[in-house]
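Participant:
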Amino acid sequence: MQVAVVGAGVVGVCTAYFLAEAGHQVVVIERRNNVAEEASFGDSGILAPASIAPWAAPGAAKSLLSHLLKSESPLLFNRMLDPSMWRWIRRWLKECDIERYQINRNRMQRIAFYSDQIMRQLRELHQLDYEQAPGYLQLFRSERDLQLAKPAFDFLAAHGIPHDFPDADGARAIEPALNPHTPLAGSLHLPTDESGNCPLFTRQMRQLAQAIGVEFHFGCNVKSIRQSEHGVDIQIEDRSFAADRVVLASGADSSKLLAPLGLHLPVYPVKSYSATATIRNFESAPVAALMDESYKVAITRMGNRIRISGMAELGARTSDLRQAGLNTLLKVGYDWFPDACNYNTAAFWSGTSLMLPDGPPLIGATQVRNVYVNIGHGSTGWAMAAGSARVLADIVSGRTPDIDLDGLTPLRFR
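Every letter in the sequence shown is one number past the one before it in the UniProt record's numbering, and letter 178, counting from 1, is 178.
1) If you follow the alpha helix (DSSP H) that H159 is in, where does it begin and where does it stop?
2) Just to confirm, are P360 and L408 a CB contact at a threshold of 8 Å?
3) Please go through the same chain and pick out, in chain order, the residues whose beta-carbon is closer than 6 Å to the beta-carbon of residue 492, but skip the five residues on each side of it.
4) Could you pull out every residue in the same chain whose Cβ sits closer than 8 Å to the Cβ of Q117, ignoring the five residues on either side in sequence?
5) Checking 8 Å against the spacing of the C-beta atoms, do A249 and V6 come in under that value?
6) Closer than 8 Å is the cut-off here; do at least three beta carbon pairs connect the segment 38-46 with the segment 277-286?
7) Since I believe F140 is in contact with A149 (beta carbons under 8 Å), could you give me their beta-carbon distance rounded to a whole number of angstroms?
8) Of the choices N370, S294 and D406, whose alpha-carbon is the least far from that of S63?
9) Under 7 Å: does the beta carbon of I234 sit that close to some heavy atom of the ligand FAD?
10) Taking the DSSP output, what are the residues bridged to I299?
11) Is it buried or exposed for residue 454, if we count other Cβ within 10 angstroms and need 16 for buried?
12) Residues in the same chain with beta-carbon distance under 6 Å from D145, minus the five sequence neighbours each way, listed in chain order, please.
13) Do you know whose CA, among L330, R226 and K271, lies nearest R307's CA?
14) To the nearest whole angstrom, what separates the beta carbons of A298 and A289, a pair I think is in contact under 8 Å?
15) Which word fits A48, buried or exposed, when buried means at least 16 other C-beta atoms lie within 10 angstroms of its C-beta?
16) From Y343, G9 and H159, pick the residue whose C-alpha is nearest to that of S379; which is it?
17) Assign N374 to one of two classes, buried (16 or more other C-beta atoms within 10 Å of its C-beta) or exposed (fewer than that).
18) Cβ of S350 within 8 Å of Cβ of K296?
19) In this structure, how does DSSP classify H217 when only helix, strand and coil are distinguished?
20) Indicate the three-state DSSP secondary structure (helix, strand or coil) for T380 in the structure shown.
21) Report the rounded CA-to-CA distance for R245 versus M1, giving the unit in angstroms.
22) Return the chain-ordered list of same chain residues with a C-beta closer than 6 Å to the C-beta of R121, the five sequence neighbours on each side being excluded.
23) What does the Cβ neighbour count give for F413, buried or exposed, with the cut at 16 atoms within 10 Å?
24) Assuming the contact rule is C-beta atoms closer than 8 Å, R79 and R322 should be a hit. Round their C-beta distance to whole Å, please.
25) Label W382 either buried or exposed according to how many other C-beta atoms from any shown protein chain fall within 10 Å of its C-beta, with 16 as the threshold for buried.
26) Looking at the secondary structure, which residues open and close the alpha helix (DSSP H) in which D43 lies?
27) Between A50 and H163, which are expected to be in contact by the criterion C-beta below 8 Å, what is the C-beta distance as a whole number of angstroms?
28) Could you check whether the segment 121-135 touches the segment 190-200, counting it as contact only if at least three pairs of C-beta atoms, one from each stretch, sit closer than 8 Å?
29) Looking at the structure shown, is S250 part of a helix, part of a strand, or coil, going by DSSP?
30) Which residues mark the beginning and the end of the beta strand (DSSP E) in which A205 is found?
31) Taking the C-alpha atoms as reference points, what is the distance between L93 and L125?
32) When DSSP labels each residue in this structure, what does Y372 get in the three-state scheme?
33) Closest by CA to D154, which one among R107, A112, S73 and Q102?
34) Specify whether the segment 334-344 and the segment 14-34 touch according to this definition: at least 3 beta carbon pairs, one from each stretch, less than 8 Å apart.
35) Measuring only the C-alpha atoms, how far is A20 from V391?
36) Considering Cα atoms alone, identify which of E72, V371 and V214 is closest to S224.
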């Protein structure tokens, strides 16, 4: 079949690769001038299936709101009177109880562990090097933070996921450069998780996709999608072209393309921030990837650079950098690795990804014939990209996916 993929982030490029591998003629349509120039560009770089969890968790609302009056906060609000934001927040709050958390985390980890398996196959088959580093350490500044994480710890134990709980000294043995003056109540170490460079991986996947026939069309802004007698018509600026199937992997732009088709999914754009700085003192830099659980900010080593990423800004409509968001990133960087970089000279970035109130992505056919989606991965897009793409290619091809898709398709919002 002729399949058009809208979006050339890591999810879209992986989707195109697996569709072409399945024998389809694939075209990728992207409004930017290269792959991985939006949400994937500023990705945290963490590939951590063992720690993937919904943002909606027991105690999450109280924890996030407690930061709002502080100068550095993991959560920012914009457009406070936006009714769509408050509708989304109400749905999110309903997902914060322990039963819903367990269901949603099971769904997310099902696709994340499958994606990890596919990633390893890709790396071995194509000898990929995307600056990967093993291990992932979550840092808890206070006993209260440790208590809030108890549902996550219980989940790991119940599912036999390798992990341990180093105390402050143990955490500093894993990451010797951690600032000894920053309070640290404890940590969670996930030795089987890893980190890497998402844009680099996406560019490598583009080359692999092109080698098996995928065509990339950049600078093309999709205006609308319409059903046709035999497939779909895709309107790009002042021209259109036909395809048998279309897959939306367009991130934050997906809603405006789906709404005219009568598809109103409970997705909401959430803006995140990152800072990427060159290491000046390697002995003072992290070895691998970490997460400050108090501020929900990741610190990732990428070759000779450090990326600090996180934040959730709700209601944003532009890519403008708010100083409050940058302050949080700078605080976390200087708190844990003060001598590694001059963070004030970092390259700062912001981008938007789509989030669903319950957490798991949406993969598969919509109610509109010949229209498919691979969206809603939130801040963990790379960790789910390869698996989501393989599943989507199986669905389009009429094959049975390798994993159970319960709770991962658009059917859960019908």
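Where is the CB? At the ideal position from N, CA and C, for every residue including glycine.
In this text, all values refer to a predicted model and were calculated from it rather than measured experimentally.
Facilitator: Reading off the structure:
1) That residue, H159, is in no alpha helix (DSSP H); it is neither H nor E in DSSP.
2) yes
3) Since the first and last residues shown for the chain are 1 and 414, residue 492 lies out of range.
4) G387
5) yes
6) no
7) 7 Å
8) S294
9) For the ligand FAD, the structure offers nothing, since it holds no ligand at all.
10) L290 and I308
11) Here the chain has residues from 1 to 414 only, and residue 454 is not among them.
12) E293 and S294
13) L330
14) 7 Å
15) buried
16) G9
17) buried
18) no
19) strand
20) helix
21) 8 Å
22) The identity of residue 121 in the sequence shown is Gln, whereas the question assumes Arg. Nothing meets the Cβ criterion.
23) exposed
24) Contact doesn't hold; Cβ gap of about 13 Å is too wide.
25) buried
26) Note, D43: premise wrong, no alpha helix (DSSP H); not H, not E.
27) 7 Å
28) yes
29) coil
30) According to the sequence displayed, residue 205 carries Met and not Ala. It is not in any beta strand (DSSP E) - M205 instead sits in the alpha helix (DSSP H) that spans C198 to A211.
31) 43 Å
32) strand
33) Q102
34) no
35) 13 Å
36) V371
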